[in-house]
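Peer 1: Below is the structure I would like to discuss, written out as structure tokens.
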Amino acid sequence: MTDITDDISEEISFQGFEDDCKLLGNLLNDVLQREVGPQFMEKVEKTRVLAQSACNMRNVGIEDTAELLEKQLAAELSQMTLEEALPLARTFSHYLNLSGIAETHHRVTKIRSTEKQSKSCDDTFNQLVQGGVSPDELYSTVCNQVVEIVLTAHPTQINRRTLQYKHIRIAHLLEYNDRPDLGQEDRDMLIEDLKREISAIWQTDELRRHKPTPVDEARAGLNIVEQSLWRAVPHYLRRVSNALKKHTGNPLPLTCTPIKFGSWMGGDRDGNPNVTAKVTKNVSLLSRWMAIDLYIREVDNLRFELSVNQCTENFSRLAHEILEKENSMEDRHDIWNPSSLWNQFKNNSHHAPPLPTQLPTGADLPSCAERNEVESHYPRLDVPGSEFTPSHSEDGQSSLRVKESMHDIINLTIKTHGNDTVSNSGNAQSAVTPRGSSFCSSQLLARRKIFAESQLGRTSFDKLLEPSSSQRPGIAPYRVVLGDAKQKLLKTRKQLELLLEDLPCEHDYKDCYETSEQLLEPLIMCYESLKSCGSVILADGRLADLIRRVATFGMVLMKLDLRQESGKHSETLDAITNYLDMGTYSDWDEDKKLEFLTRELKGKRPLVPPTIEVASDVKEVLETFRVAAELGSGSLGAYVISMASNASDVLAVELLQKDAHLSIAGELGRPCPGRTLRVVPLFETVKDLREAGSVIRKLLSIDWYHKHIIENHNGHQEVMVGYSDSGKDGGRFTAAWELYKAQEDVVAACNEYGIKVTLFHGRGGSIGRGGGPTYLAIQSQPPGSVMGSLRSTEQGEMVQAKFGLPQIAVRQLEIYTTAVLLATLRPPKPPKEEKWRNLMDEISKISCSSYRNTVYENPEFQAYFREATPQAELGFLNIGSRPRRKSSVGIGHLRAIPWIFAWTQTRFVLPSWLGVGSGLKGICEKGHTEDLRAMYKDWPFFQSTIDLIEMVLGKADIPIAKHYDEVLVSESRQELGAELRRELLTAEKFVLIVTGHEKLSENNSSLRKLIESRLPYLNPMNMLQVEILKRLRRDEDNNKLRDALLITINGIAAGMRNTG
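Residues in the sequence shown are numbered consecutively from 7, following my numbering.
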């Protein structure tokens, strides 16, 4: 019942999976016996047994008995009080979450235990070489491949982050439990640890009580990097490198990385006014801060590892130069000058000693060690934010108080230094008290504390830990060079903290790292020196991993994309042209817009007058472009225009970017950092997808734009295609076909003008929003659309599911790499005959008509949708920073996420199959059944589309959907529900005819077994949700009922393993 793990097609060990489910279930029972009592647990067990019995009857085809049991179950749930229903919902929700943890654990176990994995780099490289690809071509293609995974904050992640961490800890404990050398005492302790985690989960509120801010969402994305991707990336790159060396004779170059990461968290302002220019700037700085903080930790580890003395002559000379510089600085610091000491304290300089002073976390572990200890290895990262204490208060008083204290401490230190005969507390008191002041012991302790906590105090303490020069066994050159790198990293981190607090930054930029190239320089020098001296094994350890991390994550971990709706840019240009008495921009036709935009882009003066006064919305758009100019392309990725439909939408953004760059450069007196951002049109609706190729042709035919792409973006055009809105607009089948044709047309347009193209896929988690197995999706793209480059979003719950654990993340990164490589070197087959394309057009036409007749043309459908699903209540979940749209809007204005989310909750998953049955039936009845079977066999795109629909049909549950209708839907609309259920049966029938399967999910027995294992817990959750919805709609202000409903939503999402 999951879209998220189907990339890993290997069967899991169901015996082990069931054993772990039983273990976790029994421990939850033990916890609940204590927490809620045995009487309640009897009700839980009775509910489960009834649900299990009904499932068993359905599995053997005894439908009447199954229906009677389900009615009995629904009746008993309807008689429960709210006080009984709430803990029951929580119990079944936690059962489903624990089952999901066990499933993920066994997939990780399967990955580890399988010697030769399908879709791995080794397997795919071997397949390509055996198929005739030369080693040189393979090596060149892999080294030049660029895949970027963009993490987004789409509100589909149900679980609170604190519960996600507890789930990860349970996964670690299950892993530890698998150790064959575990003694009985250790195993007993492990069981107690599991009980503690489950008890903590039960006693934790699973509901978010407040909406997250955009910065909260960005922190969640950064935590994924820290807890998983930071470890996964070096492991993944080692796999790529080892496989390349095996099959081509050459390893992956050290600074080459086939995968990078981007983010929309803090940059996606489409429909979210909470994402402001200031938020974007702070998130970008926060991302830099975290990158530097992670690098500091790694450099600390390296300094302990690289204790060797042997190095090249040039490297030795560099180390001595650094030491001489540090010694000259120490000589200056040894002069006890109060004012210079105060300046040192005020500037808070971070001086890293040439030798490390304490063992950093993990320094005792080998560079690629898998951390299997019981304790969590994902500590909370204290990043500057709401709890960050500034070093200066607004009134400046704290600064003055610290200065006073430092002055006294310096005086105390001088007096103590001059009196080496002090032997008792009384003498010490008189000796260190400044003249003319009553200095009590508490004040002395307080000021000593301030000094000890200051950077000066810490540096003095560090000196006590360092061996003296005469005791040092000799210069450790790598430690010296890395110590200098750490010093610059510390200064860089401090600089970022000051910028985050809007405080003046006094650091010299020469002493900080601005680019990844600057940080790579000393690391690569270390690497080359070690290699030259025969220490390749040391060079290829933790040092190589750090170099690869810098190459992958850069100085920002994930470059931040900006996204805004095209209409906002038109409104901004309206304000400007009206102010300049040029008329209203949005009233002009397309040709006039292009003429104006091109003329202004060729000019050298700013367009926006500095004195212009505009509305707050327009001001925010202009401020966003200013922030983009300040941060530059080193921190930011692309500027995505949602709802793009014309060439002028792209040029409008180019003009606003250019104007902001001119303005900022004039204020700074120097050019802005980096180039302007690449501008990416996003085509979302069916209509816009059909026009995408024409829009790109029009753009590239404009001389200024064509030249701009070649000179500033290396002849590369990026185009984004949206799966969510196109699916909601025309149904899943029509959206899939229109996306396929749009990509073909965009690629052809770029080829006509000699421009390379990267397609950016805006895929959601569920199949209704373009989700599904990554490998299958990439392998079914049009030939020529994946030529060594690809961008794709990973959204909401998919981020945690695919990248939350390092082992799963490594596997996903490999799948992305090998799928793109195969699509480049062995492109998917196009349709064999033109007839196949014509049949697809006909299926799409019938399917789209059926879909739209139901969703948009039937006047009863919107009311039915609101009654039959919890759509109206989803806004209480607090799972995203984006404001909730008014519930009265029509389907056309409803966002795609709640549209899919609501139908997933009822297990009807209507958006993923509606219209498909009508389309296939229409073609089959015209005598083309054998043609469809041939298309399924020999056309990867068609096969992928049908397989995904079959997967979704396997998750749909007609009896559950019918129960929602019977209890919640008005009698006048009951027939609409019955008609939709008949349409679902039609879709199932004709999908099976096309595939030749006897039953759904026949080719995925693992998925089918997992579905069946969850039903005894999932079915009662749905029935309970129906009862709670019925009560809540009669008592809308009952907060306890609302909480109970939200818990059922969480539980069903856990059982379905996706939301929207």
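No residue lacks a Cβ here, since even glycine has one placed at the ideal position from N, Cα and C. From a predicted model like this one, the values you see are computed outputs, not experimental measurements.
(1) Between Gln233 and Leu308, what straight-line distance do the alpha-carbon atoms span, to the nearest angstrom?
(2) Note the first and the last residue of the continuous alpha helix (DSSP H) segment covering Ala666.
(3) Report the start-end ranges of each alpha helix (DSSP H) in the segment 47-97 that is 4 residues or longer and not cut off at the edges.
(4) Residues bridged to Tyr711 by DSSP?
(5) Tell me the DSSP secondary structure of Gln785 in three-state form.
(6) Beta carbon of Leu683, beta carbon of Tyr645: below 9 Å?
(7) Return yes when the Cβ of Gly778 is within less than 9 Å of the Cβ of Leu954, no when it is not.
(8) What residue from Val633, Glu143, Leu568 and Leu657 has the CA that sits closest to Phe602's CA?
(9) Helix, strand or coil for Ala644? Go by DSSP, reduced to three states.
(10) So Phe631 is in the beta strand (DSSP E); what residue range does that whole segment cover?
(11) Beta carbon of Trp945, beta carbon of Lys1015: below 9 Å?
(12) I'd like to check one pair, Gln787 with Leu819: are the Cβ atoms closer than 9 Å?
(13) My parser needs the alpha helix (DSSP H) runs of 4 or more residues fully inside the segment 939-1013; what are they?
(14) Which complete beta strand (DSSP E) runs does the segment 553-601 hold, if anything under 3 residues is left out?
(15) Starting from Thr282, trace the beta strand (DSSP E) both ways and give me its first and last residue.
(16) On the DSSP bridge assignment, give the partners of Asp274 in chain order.
(17) Throw me the rounded Cβ distance for the Arg166 and Glu203 pair, which I believe falls under 8 Å.
(18) How about the segment 235-255 and the segment 515-526: do they share at least three Cβ pairs that are nearer than 8 Å?
(19) Just to confirm my understanding: we take Asn4, look at its own chain, exclude 5 residues before and 5 after, and list those with CB closer than 6 Å. What are they?
(20) Assess, as a yes-or-no matter, whether the segment 635-649 is touched by the segment 543-558 under the definition of 3 or more beta carbon pairs within less than 8 Å.
(21) I'd like to know whether the C-beta atoms of Leu1021 and Thr1054 end up nearer to each other than 9 Å.
(22) Between which two residues does the alpha helix (DSSP H) harbouring Lys266 extend?
(23) So is the beta-carbon of Ile966 under 8 Å away from any non-hydrogen atom of the ligand NAD?
(24) Hey, quick one: how far does the alpha helix (DSSP H) through Met793 stretch, first residue to last?
(25) For His326, does the three-state DSSP call read helix, strand or coil?
(26) Tell me where the beta strand (DSSP E) around Val231 begins and ends.
(27) If you reduce the DSSP assignment to three classes, tell me which class Val805 lands in.
(28) For Glu400, which of helix, strand or coil comes out of DSSP?
(29) Determine the closest residue to Ala741 out of Gly721, Asn229 and Asp847, with distance taken between C-alpha atoms.
(30) Where does Thr53 land, buried or exposed, given buried means 16+ other C-beta within 10 angstroms?
(31) Measure the C-alpha to C-alpha separation of Glu191 and Ile897 and round it to an integer number of angstroms.
(32) Touching or not, the segment 88-104 and the segment 1003-1012, by the rule of three or more beta carbon pairs under 8 Å?
(33) What span of residues does the beta strand (DSSP E) with Gln723 cover, start to end?
(34) CB-CB under 6 Å to Arg244, same chain, minus the five flanking residues each way: which ones, in chain order?
(35) Which ranges does the alpha helix (DSSP H) cover as unbroken runs of at least 4 residues, wholly within the segment 500-538, from first to last along the chain?
(36) Please classify His767 as buried or exposed, where buried requires at least 16 other C-beta atoms within 10 Å of its C-beta.
Peer 2: By the coordinates alone:
(1) In a straight line, the C-alpha of Gln233 is about 20 Å away from that of Leu308.
(2) Its alpha helix (DSSP H) spans residues Ala653 to Leu674.
(3) Listed in chain order, the complete alpha helix (DSSP H) runs (minimum 4 residues) inside the segment 47-97 are 69-84.
(4) In DSSP, Tyr711 forms no bridge with anything.
(5) DSSP places Gln785 in helix when its eight states are reduced to three.
(6) For Leu683 and Tyr645, yes; Cβs fall inside 9 Å.
(7) Going by C-beta atoms, Leu954 is nearer than 9 Å to Gly778.
(8) Answer by Cα proximity: Leu657.
(9) Three-state result, Ala644: strand.
(10) Taken as a continuous stretch (DSSP letters only), Phe631 belongs to no beta strand (DSSP E), being part of the alpha helix (DSSP H) at Ser622 to Leu637.
(11) No, Cβ-Cβ distance for Trp945 and Lys1015 is not below 9 Å.
(12) Contact flag unset, no.
(13) Segments of the alpha helix (DSSP H) lying fully in the segment 939-1013: 946-961, 964-974 and 980-1001.
(14) Correct list: 565-571.
(15) For Thr282, there is no enclosing beta strand (DSSP E), as DSSP marks it with neither H nor E.
(16) According to DSSP, residue pairing for Asp274 in a beta bridge involves Arg569.
(17) With 8 Å as the limit, Arg166 and Glu203 do not qualify as a contact, their Cβ atoms being about 15 Å apart.
(18) By the criterion of at least three beta-carbon pairs nearer than 8 Å, the segment 235-255 is not in contact with the segment 515-526.
(19) Absent from the structure is residue 4, since the part of the chain shown begins at 7 and ends at 1066.
(20) With the cut-off at 8 Å, the segment 543-558 and the segment 635-649 do not touch.
(21) No.
(22) Not the alpha helix (DSSP H): Lys266 falls in the beta strand (DSSP E), residues Ile265 to Ser269.
(23) Among the components modelled here there is no ligand, and therefore nothing to report on the ligand NAD.
(24) Taken as a continuous stretch (DSSP letters only), Met793 belongs to no alpha helix (DSSP H), as it is neither H nor E.
(25) Three-state DSSP puts His326 in a helix.
(26) Going by DSSP, Val231 is part of no beta strand (DSSP E) at all; its letter is neither H nor E.
(27) Helix.
(28) Because Glu400 sits at a pLDDT of 37, beneath the cut-off of 50, its placement in the model cannot be relied upon, and the following sentence gives the value as read from the coordinates. Per DSSP, reduced to three states, the secondary structure at Glu400 is coil, with no helix or strand assignment.
(29) Among Gly721, Asn229 and Asp847, the Cα nearest to that of Ala741 is on Asp847.
(30) Counting other Cβ atoms within 10 Å of its Cβ, Thr53 reaches 16 or more and is therefore classed as buried.
(31) One C-alpha to the other measures close to 59 Å.
(32) With a cut-off of 8 Å, the segment 1003-1012 and the segment 88-104 do not count as touching, because too few Cβ pairs lie within range.
(33) It spans His722 to Gly728 - the beta strand (DSSP E) in which Gln723 sits, taken as one unbroken run.
(34) So no residue of the chain qualifies.
(35) Fully enclosed alpha helix (DSSP H) runs of 4 or longer: 522-538.
(36) His767 is classed as buried because its beta carbon has at least 16 other beta carbons within 10 Å across all chains shown.
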